[in-house]
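Protein chains in written order, with full-length UniProt numbering: chain A, 1 to 245; chain B, 1 to 245.
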């Protein structure tokens, strides 16, 4: 029986999603908790994709196979009691045996939070990227319009990514909204390259600071060279918001 | 020269404000950082009062004496660079040599945050008390009106407090406000007993759940007995908001 699970996690105290020996990872904690329920060492799980150290998730999706006959509400309760307080199960239920959390994902939505104020706020230090300088929001919005659509995003992919195949992806939405002291980016696409959202945000922030013109995004895309894009924005402002199937 | 400092801290990873051997405390970190600036072991500081393990501060006030001749903006920069990321200096400046952070405090304001939703939110687990049950907000507001004023708050003081002298205090404001999924209590008074705000909140939550009538607050005050009041609400929802002089 295949189970699909939607989870949220606070990435602060994890060495990222993917299991690594000797490191505290989200995958490691979940496989161990499921292992306890199954009275074995661990139960392998497959996620929609990895998230880096410090990156958070509101709606990460995972699947795994089980022989246990348990009601969904009991699954949630039992597994919650075995997981640490920084991983939360939002939903769990039976799915078709052919469902695959990674291959069946049609699109993903990320949000990126900038805390935009002269003084930092220690309560946001793990959950938003603090930018003290003034930002031209309209120019940032304009820059994001050039990100939308089907492009070769080589310039927005970490140089050491090891991504195989082409780097053409379709960004379905690239927008930002101001909410009080926060600037919230919404980036939704059919697939993402390594560090793609963080490089987009880092580059758009440079536009906001007046270091680049919004139209430069077009040149950056054309260059297909990581070096011409801006800095990678820090991990702790990034949230995997949800995954569409 | 006496300096007054307003600080904010995230209490999550501290064993409270007060210095204790072998424990990570706010006072300990500040005295050590000041010690580095003065090239001595540590510089003693005096706060408006202690906060418990897990309790946060937005505007705690501290004073200390120094011979260093440094501009206020440089004080802030130098000390910030020596402090951990969960303590923030909001303001620092010279004060009258007779100023005392504790004895001169005329009143203090605390806020207490309840996260009121059926599902918890892991991002608020250290910063709000999660209550899933339905709450009668109007009855809670009514209960708080009986808290305001000058009373003997023995029933709202931890039994093991060791407080000397009388337990008569004046609560200048006791109110709550709903903001989305949050219920924010504001409790301002001329002085507070040990755990007083958390016992008030815990008792008022029991009123909200229908376990007690709002008028019971009057009986609890009259009883002068900790056992008749409600549970102590958890530390992590509490914020020392500011101190008035």
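Note that CB positions come from ideal geometry on N, CA and C, so glycine has one too.
Length of the line joining the Cα atoms of residue 167/A and residue 32/A: Residue 167/A sits at position 167 when you count from the first residue of the first chain. Residue 32/A sits at position 32 when you count from the first residue of the first chain. Taking C-alpha positions only, residue 167/A is separated from residue 32/A by approximately 34 Å.
Shorter than 8 Å from the beta carbon of residue 69/B to some beta carbon of chain A? As a position in the second chain, residue 69/B is number 69, starting the count at 1. Answer no: the Cβ-Cβ gap between residue 69/B and chain A never drops below 8 Å.
6 Å Cβ shell around residue 104/A - same chain, five flanking residues per side excluded: What you label residue 104/A is simply residue 104 of the first chain in a count that begins at 1. Contacts found: 245.
Contacts around residue 133/A, its chain only, beta-carbon distance under 7 Å, and the 5 residues preceding and following it disregarded: Here residue 133/A is taken as the residue at index 133 of the first chain, counted from 1. 209.
Identify the continuous alpha helix (DSSP H) that holds residue 201/A and give its terminal residues. Counted from its first residue, the first chain places residue 201/A at position 201. Its alpha helix (DSSP H) spans residues 196–208.
Listing by chain order, which chain A residues have their CB less than 7 Å from the CB of residue 86/B? Taking the first residue of the second chain as 1, we reach residue 86/B at position 86. Under the 7 Å cutoff, chain A gives 122.
Note the first and the last residue of the continuous alpha helix (DSSP H) segment covering residue 139/B. Sequence index remark: in the second chain, residue 139/B carries index 139 (1-based). 137–147 is the span of the alpha helix (DSSP H), which, as asked, contains residue 139/B.
Test item: CB-CB of residue 190/A and residue 170/A under 8 Å: Along the first chain, read from residue 1 onward, the residue named residue 190/A stands at position 190. Along the first chain, read from residue 1 onward, the residue named residue 170/A stands at position 170. A contact, by the Cβ cut-off of 8 Å.
Residue 153/B (DSSP reduced to helix, strand or coil): The residue given as residue 153/B occupies position 153 in the second chain. Residue 153/B: coil per DSSP, three-state reduction.
Beta strand (DSSP E) runs wholly inside the segment 79–125 of chain A, at least 3 long, in chain order: 87–95, 107–116
Quickly, what does DSSP pair residue 189/A with across the bridge? List them, please. Numbered from 1 along the first chain, position 189 holds the residue referred to as residue 189/A. The partner list for residue 189/A (beta bridge, DSSP) reads 108/A, 171/A.
What are the boundary residues of the beta strand (DSSP E) that residue 68/B is part of? As a working note, residue 68/B is residue 68 in the second chain. It is not in any beta strand (DSSP E) - residue 68/B carries neither H nor E in the DSSP assignment.
Please go through the same chain and pick out, in chain order, the residues whose beta-carbon is closer than 7 Å to the beta-carbon of residue 177/A, but skip the five residues on each side of it. Here residue 177/A corresponds to residue number 177 of the first chain, with the count starting at 1. Hits under 7 Å: 184.
Mind listing which residues of the UniProt domain "Pseudouridine synthase I TruA alpha/beta" (145–245) of chain B have their C-beta closer than 8 Å to chain A's C-betas, in chain order? none
Is the beta carbon of residue 29/B less than 8 Å from the beta carbon of residue 84/B? Looking up residue 29/B in the second chain gives position 29. Looking up residue 84/B in the second chain gives position 84. Yes, they are a contact pair.
Residue 2/A: first and last residue of the uninterrupted alpha helix (DSSP H) it sits in: As a working note, residue 2/A is residue 2 in the first chain. Looking at the DSSP string, residue 2/A is not in any alpha helix (DSSP H); the run it does join, the beta strand (DSSP E), is 2–9.
Can you tell me the Cβ-Cβ gap for residue 192/A and residue 108/A, rounded? I've got them flagged as a contact below 8 Å. Sequence index remark: in the first chain, residue 192/A carries index 192 (1-based). Sequence index remark: in the first chain, residue 108/A carries index 108 (1-based). Sure, about 6 Å apart at Cβ, within 8 Å.
Could one say the Cβ of residue 102/A lies closer than 8 Å to chain B's Cβ atoms, at least one of them? Here the question's residue 102/A lines up with position 102 in the first chain. It does not: the Cβ of residue 102/A has no partner Cβ on chain B nearer than 8 Å.
Let me check one thing: in DSSP terms, what residues is residue 243/A bridge-paired to? The residue you call residue 243/A lines up with position 243 of the first chain. DSSP output for residue 243/A lists 108/A as bridge partner(s).
Measuring alpha carbon to alpha carbon, tell me which of 224/A, 81/A, 79/A ends up nearest residue 154/A. One-based indexing of the first chain puts residue 154/A at position 154. Among 224/A, 81/A, 79/A, the Cα nearest to that of residue 154/A belongs to 224/A.
Can you give me the C-alpha to C-alpha distance between residue 152/A and residue 115/A, rounded to a whole angstrom? Against the first chain, residue 152/A aligns to sequence position 152. Against the first chain, residue 115/A aligns to sequence position 115. One C-alpha to the other measures close to 30 Å.
Answer yes or no: does any C-beta atom of chain A fall closer than 8 Å to that of residue 10/B? Position 10 of the second chain, counted from the start, is the residue given in the question as residue 10/B. Chain A contact via Cβ: present.
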